[in-house]
Every structure is written in C-alpha cells, then in structure tokens.
Amino acid sequence: MGFIYPNKSTWAILIVVYPYLTGIVAGAFILASLVKVFNVVEVQPIYRLALLTALSFMLVAGMPLQLHLGHPERAYEIFFTPQPTSAMAMFGFVYLWYLLGILLIEIWFEYRQQLVLMARQSRGLLKGIYSALSLFSKDLSPEALAFDHKASKLITIIGIPSAFLLHGYVGFIFGSVKANPWWGSVLMPIVFLMSAIVSGIAMVMFLYILLSLVRNEKLDMRCLDKIGLFLLVAIIVDFVLEALDYIHRLYQSEESIGILTQLVSSKLFLSLVVVQLLLGMLLPLVVLVLVRSVRFNEELRKLLYFTTSLLILLGIFSMRWNVVIGGQLYSKSLRGLMAYKMEITGIESLLTALALLALPFIILAVLYRLLPPRWMESHSPTGIDRPTGVLT
Amino acid sequence: MKLPEQVTRLGIVIAVIVAVVLLLRFVILPESLFSARPHQAAAAEREMAKPLRHAGVAVCRECHEEQFELKYGGKHRTIGCENCHGPAASHAADENAAKPPLPREREACLACHGYDSSRPNGFPQVDPLEHRPRKKCVTCHDPHDPVPPKAPTECTGCHGRIEHTKAMSTHALLPCASCHAVDAQHMTEPRLALPTKPDSREVCGRCHVPGATDPAASKVSVDMAAHGGTYVCWECHYAHLPEGRK
Numbered sequence: 007m008g009f010i011y012p013n014k015s016t017w018a019i020l021i022v023v024y025p026y027l028t029g030i031v032a033g034a035f036i037l038a039s040l041v042k043v044f045n046v047v048e049v050q051p052i053y054r055l056a057l058l059t060a061l062s063f064m065l066v067a068g069m070p071l072q073l074h075l076g077h078p079e080r081a082y083e084i085f086f087t088p089q090p091t092s093a094m095a096m097f098g099f100v101y102l103w104y105l106l107g108i109l110l111i112e113i114w115f116e117y118r119q120q121l122v123l124m125a126r127q128s129r130g131l132l133k134g135i136y137s138a139l140s141l142f143s144k145d146l147s148p149e150a151l152a153f154d155h156k157a158s159k160l161i162t163i164i165g166i167p168s169a170f171l172l173h174g175y176v177g178f179i180f181g182s183v184k185a186n187p188w189w190g191s192v193l194m195p196i197v198f199l200m201s202a203i204v205s206g207i208a209m210v211m212f213l214y215i216l217l218s219l220v221r222n223e224k225l226d227m228r229c230l231d232k233i234g235l236f237l238l239v240a241i242i243v244d245f246v247l248e249a250l251d252y253i254h255r256l257y258q259s260e261e262s263i264g265i266l267t268q269l270v271s272s273k274l275f276l277s278l279v280v281v282q283l284l285l286g287m288l289l290p291l292v293v294l295v296l297v298r299s300v301r302f303n304e305e306l307r308k309l310l311y312f313t314t315s316l317l318i319l320l321g322i323f324s325m326r327w328n329v330v331i332g333g334q335l336y337s338k339s340l341r342g343l344m345a346y347k348m349e350i351t352g353i354e355s356l357l358t359a360l361a362l363l364a365l366p367f368i369i370l371a372v373l374y375r376l377l378p379p380r381w382m383e384s385h386s387p388t389g390i391d392r393p394t395g396v397l398t
Numbered sequence: 118m119k120l121p122e123q124v125t126r127l128g129i130v131i132a133v134i135v136a137v138v139l140l141l142r143f144v145i146l147p148e149s150l151f152s153a154r155p156h157q158a159a160a161a162e163r164e165m166a167k168p169l170r171h172a173g174v175a176v177c178r179e180c181h182e183e184q185f186e187l188k189y190g191g192k193h194r195t196i197g198c199e200n201c202h203g204p205a206a207s208h209a210a211d212e213n214a215a216k217p218p219l220p221r222e223r224e225a226c227l228a229c230h231g232y233d234s235s236r237p238n239g240f241p242q243v244d245p246l247e248h249r250p251r252k253k254c255v256t257c258h259d260p261h262d263p264v265p266p267k268a269p270t271e272c273t274g275c276h277g278r279i280e281h282t283k284a285m286s287t288h289a290l291l292p293c294a295s296c297h298a299v300d301a302q303h304m305t306e307p308r309l310a311l312p313t314k315p316d317s318r319e320v321c322g323r324c325h326v327p328g329a330t331d332p333a334a335s336k337v338s339v340d341m342a343a344h345g346g347t348y349v350c351w352e353c354h355y356a357h358l359p360e361g362r363k
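Chains as they are written, first to last, in this note's numbering: chain A, 7 to 398; chain B, 118 to 363.
Right, here's the structure in full:
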C-alpha cells in the first residue's frame, strides 16, 4: 500500500468537536440578534437563553484546539506575536474579539439592571458576586436603562457580522486547503456558516423545550413556532448550498471525483448519506414543513420540534465529522482510501470529545442559576422594568 | 453630554485590560519572544569567536600555482584544495609550522567515487572490490587532473548503476549492444555521440513474439499487433528490470 505514507490522519475527533461548538455559538447569537435587530417579538422569550447558550459554548470552543496542540500555557503567544499571513493565527483575535468585545459586553448590558437588583436583594457571598459582576454599578434611572437597551442593540448590530466572521472563518480554514479536493472550495465558508446557524437554532430550541420540561415552565408556543420557521428557512438554504457544492463537484468531474465517489459510497456512506443527509437534513425538513402545513396539537408539535432539533444536532455533528475526518480518509495521491481509528481514552479520544461536548451544558446550568433569564418577570419593582415580550 | 455611570465602569475595566496587555507586551515579556534577532546575533557571535582554520584556494594558489593550473583545467576544478588536503590556515601563516596531509589511501577517493546507487548516472564510480583492488588510486590517476589513463572499454565503467539493476533481472545475460548501438566516440566523448534506444517494437519482438526460438523469452510472448497500440515497448516496460513495474 504505497499510497499510505506519509499522509496519516492527524486531525482527529477534537477537530470535529471544535467547529461543532463554534457553529453553535454563532448560530445561537444570530438567533438572539433576531430579537434585537430585526424586532422579531415572538422570539423574545429565548433571547437571554440564546445569549447564555452562546457564551457557554464559546467558553469551551477553544479547548479542543488547546488539547489538540498541547501546551495551553503558550496560548497567549498568538496574541503577542501576531502572524498576519496565517488565518489560523489570526483566529485568536477573531475569537477574542467575539468573546470580549461582543458576547460579554452584550450580556453585561442586557443583565446590568437585573444584576444591580439581585445585588440589592441578596446577602453575603452572592451579594459580592453580583456587585462585582455589575461592576458595582448602581444607576437604575430610566435614562441609564434606556442607554443599556440602546447599547445592547448596537452591539448586536456589530455582533452579527462578527458571528458570521467567527464561523465563516472556520469554513475558510478548510476551504483554503487547495491540496485537498474534499475541502478546497470557495463555498466552504458559507456552507459552514449556514450549518452553524442551523445547529445554533436547533440547540436553543432543544434547550428551550428541555428546560421547560425540567423546570416545569409553560412553553411559549408562538415563540417555538417562530423558531421552527427560522430553522426551516435555515435548513433549506443550507441544503441548497450543500447540494450546489456536490452537484458542482460532480459536474466539474475533476481528477479527484473518482476517489471522492468511492469515499462517499463506502467509508462515509453511513455518516454522510444516512445520518447527515437523510436523518439530519431531509427528515427534519419534511417534519418542519408538515408542522407548518398540518394543524397538529401543541403536545405533538412540541414532540416533533424536540425530535427534529436532536436529529439536526446529530446531523450537523456528522457534517463536521464528514468534513474533518472525511478529508483525511483518502490518500493525497488520490489512489486509495485510508482508515481512521478513534482512541477511546487519551487526549484525542472519544472520552475527551464527550467531556468537551458535555462541558457547555454544565457551564450553562451554572450560568442559568447565576443569571436566571426570567428573574425580572417575578422580581422587578414596577416602574423601572420594561415588560418582557414587548420591545421599545 | 454626561456619560452614563455604567459606561465609565465598563471603560475602566477595558482600560485595565488594555493596560495589562500593553505592560505585558512592552515591559514584562522579553524581547526574544517577539524577534529572532537576539538568537541570530548570538549565533553570529558564537561562530565569529571560532578560530579560522581554512586558508582558501586563493591563498594556496600564491605558492602552488602549478598544481592550481593543473586542477583548474581538469575535472576536479570545482573541488577546493583543502577538501583533500585539510584545513591549511596554519600552513599558510607559516609554511614550516604544519604540513598539510597528502591523502594517498584508496578511501579518500572512494568517498566520492565508490559505487553508490543513489549517485547520478554517468558519474564516475567504481566497485572497489573489482577495480584494481589493493592498488592506490594515485598510481594511475593524478588527483589534480583525474582523467582515466585509458578510456573505459566496458559500459559498466560509467553505467554501473544500470549494470547492477540489470544483473538482477531476467535480462542479466543480454549484452548492452543487443539493444543499444554504441559509437566508438561515445567511449571518449560520451555527450557527443549518444547511444541509440530501440525505436521500434521489433527489437523486443525478436525474442518476445509467439514461436520465438529462445525458450525463456517465449514464455512472456505477446501479440505485437494487438498489444500496446502504437507505443514502443520501453515506454511502458523498463527493459533493464522488466519484472519491475513502472
């Protein structure tokens, strides 16, 4: 098997997890921005949940890279020795900008009023934590609150292109590898971006339904239906883009088409055709169309949305797998297929990947306790609060 | 317009982060983290501190003009004197202080001219066990102008690599001339008269057609009309090792 040397599969499961997490960040943020920028009133109930989801996944998104590269203690060097000709090196700045410049500041302005009130009403350590989180701010005058509102709207407007940049960049990294025909495509950034939006919306939908079940809260079906509509639109665009990519490859029939066909019909058949395409895209597409055209009752709609969001999350994970692992499953001389054997324990292993996929949910649980999204509904003194669900 | 209170607080936090970053970048972290210059300067200093040991061809030439001219006209013109004679700076400074060695053992020449399959085809190579064993190279070759005392008569004199390959193949017993026509001039001026390569399929067909007289060759006989289209055989088959695959 002369073609095996020296292209060994080196980007393993952690590099699959990384774009998956980043995609959810970008998608959740774009869903949140619908409320602020495009005044979609129905989605207001999940606005804060979407922001917290984005933050939880954002805090974990860099970890797979740190583990893959090793030496996390050197990570700060990419900020101090900028390398403008390397897209990978510049990503540190995109990530930092998105985390510090957009997400944290937006959440701070959104939560400031609640933090001040919570600091007033709590005692001991919690009071200290909330005061520190509010940066010891105390001003709750109508002008100050109006400023908060304006500021978070402005940051969302800057945040949308930043979220696009965050995930479009991930696709760019793969799309610019011209030596790899499975990756090298100008459509890659936009395919990654659309799939990110799909996965982010699906994740927020999944969490919204799950939390309402766990906490026994009533779901806002208008909100859920609206998310369902956005999810449907996003899936259609994603599907069209990916189909365009494949049709284009088939029609161009470059020299790699033989091995890629072999790859799709053998090693990637289950993960690409069955999981990504049929279960993760076409089935949810059919279900979402049905939900909109047939009048199902609320319980059935909830069940369908819940199942659909899970299928989509699985499908998008599969898509990341097919790109990252699939791109390394054939020899660069295009002469044959190769194998990837996943480790079970160790740094680049299944267990690490599962831990990294679970970590955002743990962080989200903590954030949800610390910054309850619906706290204002029950605790705000009248007069200084703006009612949820209505935008000013 | 008065800035809202929370903007001032946020501004302070951002200013602190920026200040810490600037402090780290310009005060705390060492310069060597950002620039390769300190490393390059240290390496240059280390190398500069080493004593000079080589004199250089120009210095040798001042006293040894005759040997220089001889070498300059021959095949070894690109080889420096000190490649064979060793570093000679001390000899150049005081000719009696140290005498450069005169390597006369075979190993000195075989370092470059011993047979090695990775060397380019046509580069003069000898098999030390076959080529005048136990005789010093310098008895026949002048190292300053290493023209062979007589032109090689065998192809292996220059094409040892091909000979080694062919010796392992089923064509081992075929002489080179059975496929190549070699002009006598090629032995003295190889580039001016190149040997021929078979330009028709009949050259191989002499042995490899059905019903050929050679019993070994007829085992791998092919129908010349049906096999391989218009290609000449050696475009697909490597005649020096036909069982190998291209």
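Where a beta carbon is used, it is the ideal one built from N, C-alpha and C, also for glycine.
Non-local C-beta neighbours of Val197/A in its own chain, meaning closer than 7 Å and more than five positions away in sequence, comprise Gly177, Leu247, Glu248, Asp251, ordered along the chain.
For Arg126/A, not one C-beta of chain B is nearer than 7 Å to its own C-beta.
Using a Cβ-Cβ cut-off of 8 Å, Thr87/A is close to Leu150, Phe151 of chain B, given in chain order. Legend: CB atoms of the stretch 181-213 of chain B lying less than 9 Å from CB atoms of chain A are not found in any residue. In the DSSP annotation of this structure, the continuous segment of the alpha helix (DSSP H) that includes Cys177/B starts and ends at 174-180. Proximity of Arg142/B to chain A, defined by a Cβ-Cβ separation below 7 Å, is satisfied.
Here Val297/A is near Leu310/A, since their CB atoms are less than 7 Å apart.
The DSSP assignment places 289-299, 304-330 as complete runs of the alpha helix (DSSP H) inside the stretch 267-339 of chain A, in order along the chain (cut-off: 4 residues). Arg178/B sits away from Pro204/B, with the two beta carbons spaced by 7 Å or more. By the CB criterion at 7 Å, Ala202/A and Ser315/A fall outside the cutoff. Taking the beta carbon of Asp251/A as reference, no residue of chain B falls within 8 Å; the closest one sits roughly 37 Å away. For Thr59/A, the uninterrupted alpha helix (DSSP H) segment begins and ends at 53-67. Secondary structure in the stretch 281-317 of chain B: no beta strand (DSSP E) run of 3 residues or longer lies completely within the stretch. For Gly33/A, the three-state secondary structure derived from DSSP is helix.
Under the three-state reduction of DSSP, Asp251/A is assigned to helix. The stretch 106-115 of chain A and the stretch 83-95 of chain A do not touch, with fewer than three beta-carbon pairs separated by less than 8 Å. Around the beta-carbon of Val292/A, fewer than 16 other beta-carbon atoms lie within 10 Å, marking it exposed. By the 16-neighbour rule on beta-carbons within 10 angstroms, Gln123/B is buried. With respect to Leu37/A, Gly174/A sits apart: the two C-beta atoms are not nearer than 7 Å. Below the 7 Å Cβ cutoff, chain B contributes Gln123 as neighbours of Arg118/A, in chain order. With a threshold of 16 other beta carbon atoms within 10 Å, Gly342/A falls short and is exposed.
Shortest Cα-Cα distance from Leu340/A to any of Ile369/A, Val183/A, Ser262/A involves Ser262/A.
Contact annotation for Ser168/A against chain B: no contact, minimum CB-CB distance about 17 Å [criterion: below 8 Å]. For Thr162/A, the enclosing alpha helix (DSSP H) stretches over residues 148-181.
Residue range 206-210 is occupied by the alpha helix (DSSP H) that includes His208/B. Closer than 7 Å to the CB of Leu141/A there is at least one CB belonging to chain B.
Your pair Leu141/A and Leu127/B checks out as a contact, with CB atoms roughly 7 Å apart and the cut at 8 Å.
If you check the CB distance, Ala172/B and Ala206/B come in under 7 Å. Straight through space, the alpha carbons of Val137/B and Pro148/A are spaced by roughly 34 Å.
With fewer than 16 other Cβ atoms from the protein chains shown falling within 10 Å of its own Cβ, Val133/B counts as exposed. Between Cys350/B and Cys321/B, the CB-CB gap stays under 7 Å. Nearest CB-CB separation between Phe99/A and chain B: not below the 7 Å threshold.
Interface with chain B (7 Å Cβ-Cβ cutoff): Asp226/A is excluded. The CB of Val130/B comes closer than 9 Å to the CB of Leu141 in chain A, given here in chain order. What Arg126/B touches in chain A, judged by beta-carbon distance under 9 Å, is Ser140, Leu141, Phe142, Ser143, going in chain order. Taking CB atoms only, Phe153/A has a neighbour in chain B less than 7 Å away.
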